Amino acid sequence: MFLDLTEDENLDPDTAVQMIEALGGGLQALDKPFLRELVNAFSVIAPEYSGEAQRLVRNLAHDFYLEEALAADDPVKLAELEAVRDAEEE
851 MFLDLTEDEN LDPDTAVQMI EALGGGLQAL DKPFLRELVN AFSVIAPEYS
901 GEAQRLVRNL AHDFYLEEAL AADDPVKLAE LEAVRDAEEE
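Each residue of the sequence shown is one higher than the last, beginning at 851 in the numbering used here.
As structure tokens, then:
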């Protein structure tokens with residue numbers, strides 16, 4: 851949330867992007883049982899925030915492709931997730 855909600859004059863945008871990419875890679879590398887718990891926790895804790903922060907927490911799993919990371923060994927589930935993302939883009 852800090853990286854997304856901090857104004858550009860307070861945080862270099864290139865640095866923010868690098869940090870977000872590193873965070874995403876770190877999240878996807880977590881062991882799957884823990885990652886599942888973490889993904890499930892986002893929807894539980896999101897209501898504790900308001901406005902843009904709540905939206906960010908609610909969308910963390912989607913924005914960092916965490917469901918895809920969890921489905922890495924399931925080609926059917928991966929195809930379903932890809933179809934959902936394709937539909938969102940249209």
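Built from N, CA and C at the ideal position, the CB exists for glycine as well.
The structure displayed is predicted, hence computed values, not measured ones.
Residue 843 versus residue 897: straight-line alpha-carbon distance, rounded: Since the displayed the chain opens at 851 and closes at 940, residue 843 lies outside it and no answer follows.
Alpha carbon of residue 865 to alpha carbon of residue 933, nearest angstrom: As a working mapping, residue 865 is identified with position 15 in the sequence shown. As a working mapping, residue 933 is identified with position 83 in the sequence shown. C-alpha separation (whole angstroms): 32 Å.
Proximity of residue 889 and residue 917 at Cβ, strictly below 8 Å: Locating residue 889 in the sequence shown gives position 39, counting from the first residue. Locating residue 917 in the sequence shown gives position 67, counting from the first residue. A contact, by the Cβ cut-off of 8 Å.
Rounded distance between the beta-carbons of residue 892 and residue 920, thought under 8 Å: On the sequence shown, residue 920 is found 70 positions in, with the first residue counted as 1. On the sequence shown, residue 892 is found 42 positions in, with the first residue counted as 1. Not really, about 13 Å apart at Cβ, beyond 8 Å.
Alpha carbon of residue 885 to alpha carbon of residue 863, nearest angstrom: Taking the sequence shown and counting its residues from 1, the one referred to as residue 885 is at position 35. Taking the sequence shown and counting its residues from 1, the one referred to as residue 863 is at position 13. Going from the Cα of residue 885 to the Cα of residue 863 covers about 27 Å.
Closest residue to residue 924 among 895, 868 and 882 (Cα-Cα distance): Locating residue 924 in the sequence shown gives position 74, where the first residue counts as 1. Considering only alpha carbons, the answer is 882.
Three-state secondary structure assigned by DSSP to residue 865: Reading the sequence shown from its first residue, position 15 is the one you call residue 865. Reduced to three states, the DSSP call for residue 865 is helix.
Simplified DSSP assignment, three categories, for residue 880: Here residue 880 refers to the residue found at position 30 when the sequence shown is read from its first residue. In the structure shown, residue 880 sits in coil (DSSP, three-state: anything other than H, G, I, E or B).
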